[in-house]
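A.B. asks:
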Amino acid sequence: MSIFSLMSFGSEGWGLAMVFAAGVTLSVAACGFLIGSVIGSLIAWVKLSGGVMARGAADAYTTVLRGIPDLLVIYLFYFGGSAVLSSIAGLFGPGGFVGVSGFAAGAAAIGIISGAYQSEVFRGAYTALNRGEIEAAKSVGMHRALMFRRIIAPQVLRYAIPGLGNVWQLALKESALVSVTGLVELLRQSAIGAGSTRQPFSFYLAAAVLYLAITTVSSWGFRRAETYAMRGVRRA
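Quick note, in numbering that gives the first Met the number 0, the sequence shown goes up one by one and the last residue is 235.
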C-alpha cells in the first residue's frame, strides 16, 4: 500500500488513528505545560523573594530536574506512583497492583520537568522589568496584589513569551517519551501501525509530518502572541 492509502480516512486507512493520537500528544503536552506554568511561577517567586533555605530548595529543584534524563523522570512517576497507589490500596483490602494511568504520569512528569525551565524563564523576565515602574506603583500606595495584577504580571508575561515558546516545543518533544507508559500517543500509534503493516517508514514519516505541523502552528501562535504583547513598545 502507498503512504496515501495507509494514511487515508477510510476503513483500511490509519489516518483517523494517527490524527487521534496527535490529539493525545497535544493534550498530554498541554496539560504538562500548564502544570509546569504553575510550578514555574511558584519557583520563580521563591527564588526572587524567598528566604535562604527556600531559595536553596528552589535552586536544587531546578538543578536536579534539568540534570537528569526526562525519560527517567517519567519512569519514576509511572512506577513510583503505581507503587504508592498499590501500597495505599493494600491498607484497605487485599493487596494488588494499582497502576497510574499513562496520561496522568506523563502529564505530571512533563509538568515537573517543564516547571524547572519555566521558572528560569519567569525569573529572567522579572529581572528585565523597569524598576522605575515598580517604585512608582509603591510610591502611590498601590498594594502588592494590585501591583502584581496591573504591572508585574502583564510585563513578565510579555518578556516571557519567547522563552515559553521554546519550553512548549520541549514539552511536545517530551510527550513522545510518554509512549513507554503504554499511552497511545503519536509515536506509540506509529509503532503500532508500523508493526501491523510492516511499513515503518510510512508511519514514522507521517508522524514527523504531524509533529512538524503541530510545532509550526505553535510557533506561529507564539509569534502572534509576542507581537500582540509587544504592541506599543519601542524596540531597539
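Backbone N, C-alpha and C define an ideal beta-carbon position, used for all residues, glycine too.
Given this structure, state the Cα-to-Cα distance separating Phe8 from Gly14, to the nearest angstrom.
C.D. replies: Mapped onto the sequence shown, residue 8 falls at position 9. Mapped onto the sequence shown, residue 14 falls at position 15. Near 5 Å, if we compare the C-alpha coordinates of Gly14 and Phe8.
A.B. asks: Determine whether the beta carbon atoms of Leu176 and Ile73 lie at a separation below 8 Å.
C.D. replies: Along the sequence shown, read from residue 1 onward, the residue named residue 176 stands at position 177. Along the sequence shown, read from residue 1 onward, the residue named residue 73 stands at position 74. Going by C-beta atoms, Leu176 is nearer than 8 Å to Ile73.
A.B. asks: At 3 residues or longer, what runs of the beta strand (DSSP E) sit wholly inside the stretch 179–232?
C.D. replies: DSSP runs (the beta strand (DSSP E)) wholly in the stretch 179–232: none.
A.B. asks: Taking just the CA atoms, how far does Leu33 sit from Thr196?
C.D. replies: Locating residue 196 in the sequence shown gives position 197, counting from the first residue. Locating residue 33 in the sequence shown gives position 34, counting from the first residue. Those two C-alpha atoms are separated by around 36 Å.
A.B. asks: Straight-line CA distance for Ser201 to Ala20?
C.D. replies: For this step, residue 201 is matched to residue 202 along the sequence shown. For this step, residue 20 is matched to residue 21 along the sequence shown. Each residue's alpha carbon lies about 16 Å from the other.
A.B. asks: Determine the DSSP secondary structure at Trp13, reduced to helix, strand or coil.
C.D. replies: Your numbering for residue 13 matches position 14 in the sequence shown. Coil, per DSSP.
A.B. asks: Where Ser218 and Gly164 are concerned, what is the direct C-alpha to C-alpha distance, given to the nearest angstrom?
C.D. replies: To locate residue 218, count along the sequence shown from 1; it is residue 219. To locate residue 164, count along the sequence shown from 1; it is residue 165. Distance between the alpha carbons of Ser218 and Gly164 is about 7 Å.
A.B. asks: Tell me the rounded alpha-carbon separation between Val54 and Trp44.
C.D. replies: Against the sequence shown, residue 54 aligns to sequence position 55. Against the sequence shown, residue 44 aligns to sequence position 45. At residue 54 the sequence reads Arg, which differs from the Val that was named. Near 9 Å, if we compare the C-alpha coordinates of Trp44 and Arg54.
A.B. asks: Please report the straight-line C-alpha distance between Leu145 and Tyr158, rounded to a whole angstrom.
C.D. replies: One-based indexing of the sequence shown puts residue 145 at position 146. One-based indexing of the sequence shown puts residue 158 at position 159. Rounded to the nearest angstrom, the two C-alpha atoms are 20 Å apart.
A.B. asks: What separation, rounded to the nearest whole angstrom, lies between the Cα atoms of Gln198 and Gly123?
C.D. replies: Residue 198 sits at position 199 when you count from the first residue of the sequence shown. Residue 123 sits at position 124 when you count from the first residue of the sequence shown. Computed Cα separation, rounded: 46 Å.
A.B. asks: Indicate the three-state DSSP secondary structure (helix, strand or coil) for Ala127 in the structure shown.
C.D. replies: To locate residue 127, count along the sequence shown from 1; it is residue 128. If DSSP states are grouped into helix, strand and coil, Ala127 belongs with coil.
A.B. asks: Between which two residues does the alpha helix (DSSP H) containing Arg157 stretch?
C.D. replies: Your numbering for residue 157 matches position 158 in the sequence shown. Here the alpha helix (DSSP H) through Arg157 covers Ala152 to Ser174.
A.B. asks: For the stretch 64–78 against the stretch 96–106, are there 3 or more C-beta pairs whose distance is under 8 Å?
C.D. replies: With the cut-off at 8 Å, the stretch 64–78 and the stretch 96–106 touch.
A.B. asks: Terminal residues of the continuous alpha helix (DSSP H) containing Leu145?
C.D. replies: Here residue 145 refers to the residue found at position 146 of the sequence shown. Taken as a continuous stretch (DSSP letters only), the alpha helix (DSSP H) holding Leu145 covers Arg143 to Met146.
A.B. asks: Could you name the residues of the same chain whose beta carbon sits closer than 6 Å to that of Glu173, not counting the 5 residues immediately before and after it, in chain order?
C.D. replies: By 1-based counting over the sequence shown, the position of residue 173 is 174. These residues qualify, in order along the chain: Asp69 and Ile109.
A.B. asks: Smallest Cα separation from Leu156: which of Thr215, Ala170 and Phe221?
C.D. replies: Here residue 156 refers to the residue found at position 157 when the sequence shown is read from its first residue. The shortest C-alpha separation from Leu156 is found at Phe221.
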